Amino acid sequence: MQQCLIDFVSREAMISKYILRQLSAIVLCAVLASCTPEAELDLNIQPLEIVAPRPDIYADFALTADLSDLTDNQKQMIGLLIDASQIMDDLYWRQSYGDDYKTWLESITDTDTRRFAELNYGPWDHLEDDKPFMEGFGAKPLGANFYPTDMSKEEFEEAYLPGKNGHYSLIRRDEEGRLKLIPYHVAYAGELKAVADLLREAAKLADSNDFGNYMKLRAAALISDEYQVSDMFWMDVWDNDIDVVIGPIETYEDALFGYRASYESYVLVKDLEWSDRLSRFVNFLPVLQEGLPVPDEYKWETPGTDLDLNAYDVVYYAGASNAAGKAIAINLPNDEAVQRARGTRRLQLKNAMRAKFDKIVEPIADVLIDELQRSHVSFDAFFANTMFHEVAHGLGIKNTIDGRGTVREALLDMSSSIEESKADVLGLYMIIELHKAGELGGINLRDYYVTFMAGVFHSIRFGVSSAHGKANMLQFNFFQDQGAFVRDAESGRYRIDFDRMETAMVNLSRLLLTLQGNGDYEGVVELIESHGIIKPQLQDDLDRLTQANIPVDIIFQQGKVELGIE
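Our numbering runs 124 ahead of the 1-based position in the sequence shown.
Right, dumping it as structure tokens:
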């Protein structure tokens, strides 16, 4: 799963927030005497805390790659894939903010504010708990633009709408005010046809027949909302130097239920040298699954090993992947049936990863990591921690142990944060076990530990509206409570207690895997409410990073011009 955004509130808090918004809208309607039962209520009238636009929290980075070994057809194909990605960007805008986003953007006269709106795909700061940064806007709707803004969770749950829990439909009201489904391929028919046509044109230029056929299948999926066949086929595409991840994929934007998927795209160029280094690790998954520190019923599923673990340079981000915090690795497909049958593909975005390490993680370490341990922060360890995070998504189980359905269905809006935390801690578990087996070369195990802690500080700054931010806050507090992360009061720097680190990892792994297997929504909420918070001392330390002008994330200068294929 990618690094994306969901709202950090419990089920009860969500309901309360929506009730408050509805009451505010009803009062406003009474005052204005202009609302009808059929009218769509504007619930973004009363602002919450307004924060200042802050485009300077992002460091610029030019997305480039060495295309010298590519054929002219491959370069032309990349151009077509970028054109298709730009349409995905438009569709994500409409899902996140609304169909009138272009008019709204043009109305913003302040340069910094408009730029920040473009980075956040709306007037809410993704990395500041989705707080509005413009007057006239309140809290971001938990359901984004997937649902009517006047719809409550209860109304949705009580409505008879076959397929209402699906990933690829909008919820709207009919002429009588009743809820109805509109499939994506109907709501966005013209745009999706244009994307499908571009993919078919790109397929004609592919040197790899399998990749060409995949793009044709993906084109068919976009105009039908039937993605499983193309996902399955993608797992067999191995001989392509170019790749594209495109479609409605992650469900983080739907913070109301976690059902609806957002449009996004990545255009990728394979790094053959780095990919060769990674390919051998997938064979260890079954053995690592057996060794998980939980009873057998929580690890009965067998992770697939027929999967892709490769490194890429990403040359274009669009849509949900380009909003605020940027992913540096991808773990797909999300379809649990595909995962059980074939596993997943783990795509490491090496150039974006290097940008974050150089511009953010190393400067964070200079401020917050104990000077005696600072030398243990390295790019190789950062790359490995990120890679094994993605691989670790395949560990554990996808279905609850009592047969109630998938873990994602049971944990609803909490599923993403717990899954990201599980992947972080089980990635560390994989590193420890592989290091013990002598499979990781000469890197010191302490490098992984200290770099892991530096990475936690980086992700915490994404805030509570980010699945990764919540996951890392949970980990930070848990590891600190267990004595694995230790703060020196005099220097204000942190160090790893190496003796306690592995114990803390095992304890958190056991807890997260058990919560997932049980589908224990209430237990997850309790854990996040107790550990997924930024305490005052940590906030003071994070403020030091801001005072040192260390970026929170990166933004891209990207496109055909940057690649020299205009």
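We put the beta carbon where it would ideally sit given N, CA and C, even for glycine.
Quick caveat: nothing in here was measured; it's all calculated off a predicted structure.
Run of the alpha helix (DSSP H) containing residue i, from where it starts to where it stops
i	result
Ala241	235-244
Gly579	569-584
Ile542	539-560
Lys474	474-480
Phe512	503-516
Phe487	As written in the sequence, residue 487 is Pro, which differs from the Phe given in the question. Taken as a continuous stretch (DSSP letters only), the alpha helix (DSSP H) holding Pro487 covers 486-492.
Glu460	460-466
Thr426	Unbroken run through Thr426: none, as it is neither H nor E.
Asp213	196-220
Val531	531-535
Lys684	684-687
Short Cβ contact (7 Å threshold) for residue i with residue j
i	j	result
Arg342	Ser332	no
Val648	Leu535	yes
Glu686	Ala186	yes
Val501	Val574	yes
Gly579	Gly587	no
Ala444	Ser539	no
Tyr182	Asp677	yes
Gly518	Gly449	no
Phe270	Pro177	no
Asn601	Ser583	no
Leu473	Ala453	yes
Leu392	Asp367	yes
Asp537	Gly688	no
Phe512	Ile556	no
Residue i - containing beta strand (DSSP E), residue span
i	result
Glu279	Glu279 -> not in any beta strand (DSSP E); alpha helix (DSSP H) instead, spanning 277-282.
Ala183	182-186
Ile452	Note, Ile452: premise wrong, no beta strand (DSSP E); not H, not E.
Ala442	433-443
Val406	Here Val406 belongs to no beta strand (DSSP E), and DSSP marks it neither H nor E.
Cβ-based burial, residue i [other Cβ within 10 Å; buried from 16]
i	result
Val369	buried
Leu496	exposed
Pro161	With a pLDDT of only 37 at Pro161, under the threshold of 50, the placement of this residue in the model should not be trusted; the figure read from the coordinates follows. With fewer than 16 Cβ atoms within 10 Å of its Cβ, Pro161 is classed as exposed.
Ile306	exposed
Leu396	exposed
Gln681	exposed
Pro286	exposed
Lys560	exposed
Asp289	Note that residue 289 is Asn in the sequence shown here, rather than Asp. It counts as exposed.
Ala313	exposed
Tyr440	buried
Asp605	exposed
Pro419	exposed
Val319	buried
Gln663	exposed
Leu322	buried
Val155	Residue confidence is low: Val155 scores 35 on pLDDT, short of 50, so the model does not pin down where it sits. Its coordinate-derived value is still stated next. With fewer than 16 other Cβ atoms within 10 Å, it is exposed.
Closest by C-alpha distance to residue i, when choosing among the options
i	options	result
Val361	Lys340, Arg384, Arg498	Lys340
Asp504	Ile525, Arg469, Arg401	Arg401
Pro675	Pro487, Ala516, Ala344	Pro487
Leu456	Asn631, Asn337, Pro372, Asp490	Pro372
Ser541	Ala508, Arg528, Ile652	Ile652
Leu471	Val438, Asp459, Ile484	Val438
Phe581	Ala283, Arg668, Ile679, Tyr351	Arg668
Asp490	Gly688, Leu635, Phe280, Arg619	Arg619
Lys264	Pro247, Leu251, Pro272	Pro247
Asn244	Asp363, Gly203, Asp213	Asp213
Pro417	Tyr284, Ser633, Asp190	Ser633
Asp253	Leu229, Asp184, Arg238, Leu172	Leu172
Phe408	Lys317, Val515, Val485, Gln352	Val515
beta-carbon residue i near the ligand ADP non-hydrogen atom, thresh 6 Å
i	result
Val531	Of ligands this structure carries none, so the ligand ADP is not represented either.
#### Entry: Complete runs of the beta strand (DSSP E) confined to the segment 296-324 [at least 3 residues]
303-307
### Query
Of all the alpha helix (DSSP H) runs that stay within the bounds of the segment 613-682, which reach a length of 4 or more residues?
622-642, 645-655, 660-671
### Task
Could I get the ranges of all uninterrupted beta strand (DSSP E) runs contained in the segment 344-414, with 3 residues as the minimum, in chain order?
366-372, 387-395
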